[in-house]
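Report on the structure given below.
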Amino acid sequence: MPGPTRPVAAPEGPTTRVYAPNAGNTAGPGPPALSITWREVRRTRGVGWRGGRRLPRGRSGTGRSRIVLVMELFGTVADLYERARPGYPPEIAESIRAYHGGAPASVAEVGAGTGKGTEVLARLGAPLTCVEPDALMAARLAERFPDARVEATTFERWSPPTGRVDVLACAMAWHWLDAATRNTLARRALAPGGTLAVFGHRYDYADADQQAAVRAALRSVDPTVRERPVDWFHRDVLDSGQFDDVRREVFRRELPLDKERYLALMRTFGPYLSRTPERQRRGIAALDRLVDDFGGTVVLDLRTTLVLGRADAR
Numbered sequence: 004m005p006g007p008t009r010p011v012a013a014p015e016g017p018t019t020r021v022y023a024p025n026a027g028n029t030a031g032p033g034p035p036a037l038s039i040t041w042r043e044v045r046r047t048r049g050v051g052w053r054g055g056r057r058l059p060r061g062r063s064g065t066g067r068s069r070i071v072l073v074m075e076l077f078g079t080v081a082d083l084y085e086r087a088r089p090g091y092p093p094e095i096a097e098s099i100r101a102y103h104g105g106a107p108a109s110v111a112e113v114g115a116g117t118g119k120g121t122e123v124l125a126r127l128g129a130p131l132t133c134v135e136p137d138a139l140m141a142a143r144l145a146e147r148f149p150d151a152r153v154e155a156t157t158f159e160r161w162s163p164p165t166g167r168v169d170v171l172a173c174a175m176a177w178h179w180l181d182a183a184t185r186n187t188l189a190r191r192a193l194a195p196g197g198t199l200a201v202f203g204h205r206y207d208y209a210d211a212d213q214q215a216a217v218r219a220a221l222r223s224v225d226p227t228v229r230e231r232p233v234d235w236f237h238r239d240v241l242d243s244g245q246f247d248d249v250r251r252e253v254f255r256r257e258l259p260l261d262k263e264r265y266l267a268l269m270r271t272f273g274p275y276l277s278r279t280p281e282r283q284r285r286g287i288a289a290l291d292r293l294v295d296d297f298g299g300t301v302v303l304d305l306r307t308t309l310v311l312g313r314a315d316a317r
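Position in the sequence shown (first residue = 1) + 3 = the working numbering.
See below:
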């Protein structure tokens with residue numbers, strides 16, 4: 004069993020931290036502790052989960068882009084994220100392989116988080132590079148997948164390998180990428196004929212009454228929260244004009260959760276993490292009461308969408 008990877012020097016630049024595959028058993032110094040608080044992101048109106056609009060451009064007082072600040076909030080709950088977030092259907096790997104026309108020679112994943120999508124992509128059996136901007140999540144990812152190359156940087160700053168990659172994937176993070184450039188950068192990172200694979204969950208409720216009650220409770224706490232359209236990233240990839248033969252596959256399953264698991268899941272979402280502590284407390288308290296009213300169980304209607312596209316020879 005290979006031991007934890009260790010960070011090695013990265014030629015890509017000082018902002019990139021690389022965990023090389025099987026670099027040894029010494030973990031080395033961990034990533035620096037983050038001091039991200041809700042106060043640093045409270046002015047970030049219009050992030051992706053609010054109506055699908057991009058975060059405003061500009062820098063925070065820390066010198067980092069505001070979108071990176073919001074993304075780094077997830078690292079503060081990396082352990083909870085790994086435990087609470089449901090994984091992806093293993094059939095996604097088979098769909099990618101079939102669309103690609105066989106096993107790819109190389110795979111890159113952007114916005115890899117703690118590796119929920121990586122679990123599926125590892126089934127492709129190809130050398131895997133994972134790009135994750137949050138240092139805490141990248142460190143966790145490197146521990147879980149010692150055979151992968153993990154680069155702690157943003158997609159926009161990442162340099163694809165020479166010859167580019169056969170498959171570029173993104174699981175539940177497409178909305179965090181710059182809307183003006185994500186499709187173009189993805190196509191440029193792919194070898195001619197390469198495959199783009201974007202997938203993610205849509206969390207809904209199997210019971211219409213539960214759905215209505217939860218939405219009403221959350222709006223009473225914060226009326227600014229909005230949901231993106233169903234399968235919005237299918238339209239995003241299709242309308243970009245960067246990919247040929249764009250296809251969509253949908254997988255659905257019901258996921259019953261007890262109160263503890265449900266509230267843990269809700270604590271991992273961006274709208275919760277970027278709210279003030281008082282709104283976080285009120286939101287969780289409202290959901291706690293609702294689950295009791297539901298008899299102690301929430302049944303999610305988990306819709307997982309996979310969007311595939313092919314890079315042309317441009």
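Even glycine gets a Cβ: it sits at the ideal position worked out from N, Cα and C.
Would you list the one or two residues that DSSP bridges to A204?
Residue identity differs from the one stated: residue 204 is His in this sequence, not Ala. H204 is bridged to T307.
Check whether the segment 197-207 and the segment 143-158 touch, using three or more Cβ-Cβ pairs below 8 angstroms as the test.
These segments do not touch.
If we ignore side chains and look at the alpha-carbon of each, how far apart do G299 and A129 end up?
Taking the straight line from one Cα to the other gives about 43 angstroms.
Straight-line gap, D295 to F272 (C-alpha atoms, nearest Å):
Looking at the two C-alpha atoms, the distance is approximately 21 angstroms.
By a C-beta neighbour count over all protein chains shown, 10 Å radius and 16 as the cutoff for buried, is P93 buried or exposed?
With fewer than 16 other Cβ atoms within 10 Å, it is exposed.
For V253, which residues of its own chain have a beta-carbon under 6 angstroms away from its beta-carbon, when the five flanking residues on both sides are left out?
Cβ within range, chain order: T308.
Residue interval of the beta strand (DSSP E) (run including E154)
Per DSSP, the continuous beta strand (DSSP E) segment holding E154 begins and ends at 152-155.
For my contact list, V224 and R285 are in at a C-beta cut-off of 8 angstroms; report their separation, rounded to the angstrom.
With 8 angstroms as the limit, V224 and R285 qualify as a contact, their Cβ atoms being about 5 angstroms apart.
Quick check: A87 and R264, are their CB atoms within less than 8 angstroms of each other?
Yes, they are a contact pair.
Out of P259, I99, W235, A182, state which residue places its alpha-carbon closest to the alpha-carbon of G120.
Minimum Cα distance to G120 is reached at I99.
Indicate whether A151 and P24 have their beta-carbon atoms separated by less than 8 angstroms.
Against a cut-off of 8 angstroms, the Cβ pair of P24 and A151 comes out as a contact.
Taking only beta-carbon positions, decide if C173 is within less than 8 angstroms of chain B.
Any reference to chain B falls outside this structure, which holds one protein chain only.
Give the DSSP bridge partners of A314, in chain order.
Paired residue(s): F246.
For V233, which of helix, strand or coil comes out of DSSP?
Three-state DSSP puts V233 in coil, outside helix and strand.
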